[in-house]
Every structure is written in C-alpha cells, then in structure tokens.
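Accompanying notes for the structure given below.
2 protein chains.
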Amino acid sequence: MPRVVDVEERRQELTDAAARLIARAGIGAATMREVAAEAGLTTGALTHYFADKRELLQCTLTASLQRRIDRRHATGGDARARLRASLVGALPLDEESSRHWMVTVAFCAEAAGDQALAQTQRDAYREFRTHIARLVGECSPAGDPGRLAERLIAAVDGVALQALFDPESWPPVRQLDALDEALDLLSAAATQR
Amino acid sequence: MPRVVDVEERRQELTDAAARLIARAGIGAATMREVAAEAGLTTGALTHYFADKRELLQCTLTASLQRRIDRRHATGGDARARLRASLVGALPLDEESSRHWMVTVAFCAEAAGDQALAQTQRDAYREFRTHIARLVGECSPAGDPGRLAERLIAAVDGVALQALFDPESWPPVRQLDALDEALDLLSAAATQR
DNA sequence: CTGGTAACAGAACAAACGTTATATAACACG
DNA sequence: CGTGTTATATAACGTTTGTTCTGTTACCAG
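Chains Y and W, in that order, give the protein sequences. Take the first sequence: its letter number 154 is residue 154 in our numbering, and every next letter is one higher. Just so we're on the same page, our numbering is the position in the second sequence counted from 1, plus 1000.
Below you can see the structure in the form of structure tokens.
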C-alpha cells in the first residue's frame, strides 16, 4: 500500500476551500480549478476525491452545515444558558461563522432546482428546530416549545441575514443585543400566561 | 425612426426572465442564452439592451428589489394597518414574492465579491428599515422606532428565510401568525414602559 | 531492495459560455 | 414609395468549464 493520507481530512480540506470561494464570490466562483488551487492542489487531486462537481458541491453544503451544527453544540451551564449558547452559535459573529452562513444562503436558490440539496438543507433546519425546541422545553415549561423555538430561530436568522447584507451595521454586540431582547421578550410572554 | 418598441418594458421582460431562472435554479442558470430563451428572444436582443452580463445581473437585482418595494407600499388604513401591510408585503406569501425573495438571497454571496451589487442590496435594506421605522414611529410613540423596526424586520426576514428553505412547513397562514405575534409582542413591550 | 498501488500533477478534449460581428426584417419619416 | 434606423436572429470566435486520460512520485508490503 502506497502513500498514506487521511482521506476524510483531504475531503474536508477541499470542501473547506470550496466554501471559502463560495462565501467570497458566490457559487459561480467555485470552479474545479479554483477550488483545487484554493486548497493548494490541482484538478487531479479533486477528481480523485469527488466523482464530479455535483458531488463536490453536495459535500461542501453538508460539511458547511455540519460546521454550523458543531458550533451551536453547547454543554456547560443550565438549560437557559445552553439555549442562549446555541442561538449565539447560530449568529455570524466571526469570520468562520459568517462564511458558513454565506454558504447556507448561497445554496438556497441552487437547492430550488436540486432535490438532494433541498433535502440536505431542510434536514439541517429541522434538526436545528428540534434542538432549540428541546432546550426551550427544558428551561420554560409554559407555552408550546416548538412555536417558541420557531420564533427564536426566526429572530436569529433575521438578524443573521441583515448582518450578511450589511456587516458594518451589525457588529457582534448589536447581534447579541437583538438576540437577548428576543429571549427576554419570549420568556416574558411565556411566563405571563 | 423605425420599429417602435418600449425599451424600458423590454428590459423589464428580460430582467424578469433572468429573475425566474435565478429563482428556479440559482444564478448559474442565468446564462445569456437561457435568459434570452426564457424571454422568448435570442442573445442578439439581449446584447441590444444590456452591454454585458454584468449589467444584466445588476439590473436584474435592482428590478427585483424594486418589485419587492412596490409590494410593500400600502396606502389605506391607519398607521398600524399600513405597518402590518408593509411587513406582509415583505413575506414570501405567493409565487411572485417568493421568486423575488429568492433572487435577493441568491445575490447575497455574489454581492460579497462585487461592490456594486453589495451597495444595491445595502441601499434597499436601509430604505426598508427607514420605511418601517417611520411607520413604527407613527403608530407607537414609545420606544426607539429604529430599534423596533429592526426587530420587526428581523422577525419577518427570519420567517421568510425559513419559508424559502422549507415552503411546505410555512404556508401563508403560519407566516402571518408569526408576523402578528411579533407585532403584538413588540407593541406590548413598547406600551408597558 | 523491489514491485505495486495510492496520491497527485498536468495535458487534452468536447461542450458551453460570454462576446462580437453580420445579416435580415419591420417600421417611421421625408 | 423609397430610405434610413432600430429590433432581432443567426453565426462565429476565443475562453473557460467539467471531465477524462496519462504520466510521475512516494510510500508500504514482501
């Protein structure tokens, strides 16, 4: 057996390169040659790890969504703290989270014409919703957790989208302010009933 | 002077065709030939109205954003009713508004690598924010209108994004429910102070 | 030390792309 | 009724794209 290489790590490097290009200039910028060059390789390596461009893009979306999931997986603190941490992890607060948010958004229109991509995005969204709903249920028994989770996610996603369009107007502090206001508002509405 | 044709109308037809393709399968699907064919014409006509592809895409984004602005321009009723109508107009409730929402989102990553596109999107967002803030100020003097407007827009955009990713889970009724809940929540928070 | 296979680089190719150039048809105007 | 200009179709060109193919290097098993 020849040259030993961690295959999964190489694939990750290549999908990361694709994600960087997509976040920087759109899906159109992620050509085979550009992706390979961004990863410091050539098309020969790229085709060795992915059957075709379609598979590369599919894996890029999946990997990028997984990065976002990893980010919002909080462990310490009580349920309320873990809920807030999960929502904080969903905000584009730094370069990396902004990049993966941009990839998520960039694939939105693409997924409209590709069932597999659409399925991947829907699954990620529903996983997020379930995750948040569970935490909401743990820290505030009043009200429908699913509905409250959707409201919180909407608030976070709305802030995130505005931050992607206009980053200068949305520094981390402002994003966190908006999140905390949404949390306060919803917990107040839940307890008063 | 020869064959009389409404130039602005033709340009609108062509950018509409581009918008349909982009919403259907992403920006990559909007090739010169495809856009022309979608409009029932050929590339000869397309290059007659737009200098190059860059200008076509720029105009497509501008026209699509203008359609969304037109949609949320409400006249009848009191300030509160006009505020709600403007926010309703910003939701992807039917095929047309979903299409223009998809175009807005599709250009997000593209704009990251194109200053002109980014400027166009930022301007549209700030115009929307100003518009909503004015209506908020008219119907509820308590609280900072700008801040309240941002919260409402975040709620609407969040719902819109979720509806684009997972339309079946977000029929118009559910979107309107979420909007009305956000309106109630914010007006309650504003009056209690 | 020596095959043999995995990990790449690089060239090659057909298709599709944006763009430019050329040709034709339709109409207002003198 | 020509005539000149505009609107559009069609063809052609050079580039870029995704993909395939061929070669080369580096490593491990025997």
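Positions of the beta carbon are idealized from the N, C-alpha and C atoms, including for glycine. Here the structure is a predicted model, which means the values were calculated and not measured.
Per-residue DSSP class, three states only, for residue i
i                       : result
residue 1040 of chain W : coil
residue 193 of chain Y  : Because residue 193 of chain Y carries a pLDDT of 48, less than 50, the predicted location of this residue cannot be relied on, and the following value inherits that uncertainty. Reduced to three states, the DSSP call for residue 193 of chain Y is coil.
residue 101 of chain Y  : helix
residue 1073 of chain W : coil
residue 4 of chain Y    : coil
residue 1167 of chain W : helix
residue 86 of chain Y   : helix
residue 1140 of chain W : coil
residue 1146 of chain W : helix
residue 51 of chain Y   : coil
residue 30 of chain Y   : coil
Partners in chain Y for residue i, counting only beta-carbon separations shorter than 7 Å
i                       : result
residue 1063 of chain W : Within 7 Å Cβ-Cβ: nothing; residue 1063 of chain W doesn't reach chain Y, min ~16 Å.
residue 1166 of chain W : 122, 125
Neighbouring residues, chain W, relative to residue i (Cβ below 7 Å)
i                      : result
residue 32 of chain Y  : Result: empty, since nearest Cβ-Cβ is about 14 Å, beyond 7 Å.
residue 28 of chain Y  : 1027, 1028
residue 14 of chain Y  : Within 7 Å Cβ-Cβ: nothing; residue 14 of chain Y doesn't reach chain W, min ~19 Å.
residue 10 of chain Y  : Result: empty, since nearest Cβ-Cβ is about 25 Å, beyond 7 Å.
residue 185 of chain Y : 1185, 1189
Among the options, the one whose alpha carbon lies nearest that of residue i
i                       : options                        : result
residue 1138 of chain W : W/1091, W/1153, W/1078         : W/1078
residue 1020 of chain W : W/1101, W/1046, W/1049, W/1091 : W/1101
residue 84 of chain Y   : Y/134, Y/169, Y/42             : Y/134
residue 1104 of chain W : W/1118, W/1094, W/1007         : W/1118
residue 1144 of chain W : W/1186, W/1111, W/1165         : W/1186
Closer than 9 Å at the beta carbon, the chain Y residues around residue i
i                       : result
residue 1181 of chain W : 147, 151, 189
residue 1162 of chain W : 125, 129, 150, 153, 154, 157
Residue i vs residue j beta-carbon contact at 8 Å
i                       : j                       : result
residue 113 of chain Y  : residue 1160 of chain W : no
residue 43 of chain Y   : residue 51 of chain Y   : no
residue 1149 of chain W : residue 1132 of chain W : yes
residue 1125 of chain W : residue 177 of chain Y  : no
residue 179 of chain Y  : residue 87 of chain Y   : yes
residue 1141 of chain W : residue 1093 of chain W : no
residue 1039 of chain W : residue 1030 of chain W : no
residue 1189 of chain W : residue 1152 of chain W : no
Proximal chain W residues relative to residue i, where beta-carbon distance stays under 8 Å
i                     : result
residue 69 of chain Y : Going along chain W, no residue has its Cβ under 8 Å from residue 69 of chain Y, so there is no contact; the nearest lies around 15 Å.
Residues that residue i contacts on chain W, provided the C-beta gap is smaller than 9 Å
i                     : result
residue 24 of chain Y : 1109, 1112, 1113
* Contact residues within the segment 1108 to 1137 of chain W, judged by C-beta distance below 7 Å to chain Y -> 1108, 1109, 1110, 1112, 1113, 1121, 1122, 1125
* Asked: Given a limit of 8 Å on CB to CB distance, which residues of the segment 39 to 57 of chain Y reach chain W?
  -> none
* To do: Check distances from the C-beta atoms of the segment 1075 to 1097 of chain W to those of chain Y and list, in chain order, the residues that come in under 9 Å.
  => none
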